[in-house]
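Have a look at the structure below before the remarks.
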Amino acid sequence: MNKAFVYLSLFSVILSGCAVDPLGDFDNSYSIGGDDKVIAFVGRKISVAQLLEEPAEHGGDEVVINLDIGFAARYRILELVHGAYAGDTIDFVAYDHYGFPRFAEPDVAMVYVAEHEGRLFHRKYLWDAVSKTKDGRYAACGDPYANLDEEELAEVERRPLEEIDFDPPVTVRISDELKSVSDRDRYSTEEVAQKREEIEAYYSTPVFDVKSGVATCKMGVYPDELYRIRYETVIRPRARRNMCEDEVGFTGADWMNEQKKAAVEACVNEKRAKGLPQ
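Position one of the sequence shown corresponds to residue 0 (numbering that gives the first Met the number 0), numbered consecutively onward.
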C-alpha cells in the first residue's frame, strides 16, 4: 500500500477520532503494551455503526483529506487467539475506503485489532471468515494458502490442513461462484476463463466434497494456525517494512525518491534473511 495513503488515512483517524459516538459508552482506549500491538480474536458482532465525523479543520498550509469511512465496532470475544485482553467485549474503530467493512458482514468472524497511541483500531482489511464446528469450536473452511501471492507464499511455512467437521455444514454452490466471475465487466474473456479454472480447482477434493455442483467443506485450519499464517504473510512483513522505513527516514513525501526506496528494500531483505522481527 502506498505509504502516503497510509499516513493520510492514519492522520485522518487520529484527527477525526469519534466525533459523534454512535454506541453511547463506546471506548476504544486500551494499551496492549510491549512490542506486539496486535489482538486477534474470534468475535460475535454486537454493533457496527458509522461514525458521524465532523469536518477537519485546516490550519495554515496543512490540508487533511479523509479518504475513509469510519465505524465504531463492538464485539463479544468468543475466543482470544492472540494477545492479552481482560474483558469479554471489545470496542475498536474501523476505517474502510469502500464503505461498510467486510469483516462486519457476518455475525461471527476472526478479527485483527491493533493499538495506536493507546487506542484500538482494526488492522485494515485484515480478517477471516470462520464457522462453527461439531465439537463447538470455530475454524476457517478451505485452503488459506490458495489466495496468497508469490511474495506471501515465500514468507510462510506451509503446513497440512486439518480434517474438520463443520456444523452446520459449510457448502458452496459452484455455479454461483462461476457466475459472480462472469458478471464482472472488468475481466476479459481470457481472465474469466482462467478464474473459472481456479474456482473449479479450489473447490475440489480432498478439501471439498463435490456432489451435484455443491461443494461441502471437509478441511481447513483452526484460529491459532490461521493467526500464524496471517502473522507470517501480513503482520510481520508490514512490521518489518515499517521498521525499515523508520530506520531509513522514509516518509510519505519520499515515494518518488529512488535512493530511499532502494535503501528500504535493502533493509527489508536484510531483516527477512535474519528472521526479524521474530
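All residues carry an ideal CB built from backbone N, CA and C; glycine is no exception.
In the displayed model, F102 falls within a helix according to three-state DSSP.
A Cβ-Cβ contact shorter than 8 angstroms links D67 with H96. When the beta-carbon positions are compared, Y29 and E78 stay at least 8 angstroms from each other. The C-beta separation of G212 from I173 comes to about 5 angstroms, placing the pair in contact by the 8 angstroms criterion. Between the beta-carbon of D208 and that of T215 there is about 5 angstroms, and that keeps the pair under the 8 angstroms contact cut. If only uninterrupted alpha helix (DSSP H) runs of at least 4 residues are considered, those enclosed by the stretch 104-164 are 149-154.
Cα atoms of R240 and V267: separation of roughly 6 angstroms, rounded to the nearest angstrom.
Taken through DSSP and simplified to helix, strand or coil, R185 comes out as coil. If you ignore the 5 residues before and after E114, its C-beta comes within less than 7 angstroms of the C-beta of Y29, S30, I31 and K36, all in its own chain and listed in chain order. Assignment of G251 by DSSP, reduced to helix, strand and coil, places it in the helix class. For Q258, the enclosing alpha helix (DSSP H) starts and ends at E257 to A272.
The straight-line gap separating the alpha-carbon atoms of K194 and R185 is approximately 13 angstroms.
Around the beta carbon of N27, a 10 Å sphere encloses 16 or more other beta carbons of the protein chains shown; the residue is thus reported as buried. Scanning its chain for C-beta atoms nearer than 7 angstroms, with the 5 sequence neighbours on each side dropped, one finds around L125 the residues Y111, R229 and V233, in chain order. Between G219 and L177, the C-beta spacing is not below 8 angstroms. Contact between A39 and F70 does not hold, since their C-beta atoms are separated by about 19 angstroms, which reaches or exceeds 8 angstroms.
Straight-line measurement puts the Cα of R75 at about 9 angstroms from the Cα of V107.
One Cα belongs to E246, the other to W254, and the distance between them is close to 16 angstroms.
For Y226, no beta strand (DSSP E) segment is defined; the enclosing uninterrupted segment is the alpha helix (DSSP H) at P222 to R229. It is roughly 43 angstroms from the alpha-carbon of E199 to the alpha-carbon of G86. Residue P105 holds the alpha-carbon nearest to the alpha-carbon of R43 among P105, K260, T204 and S203.
In this structure, K131 lies away from F102, with their beta-carbon atoms at least 8 angstroms apart.
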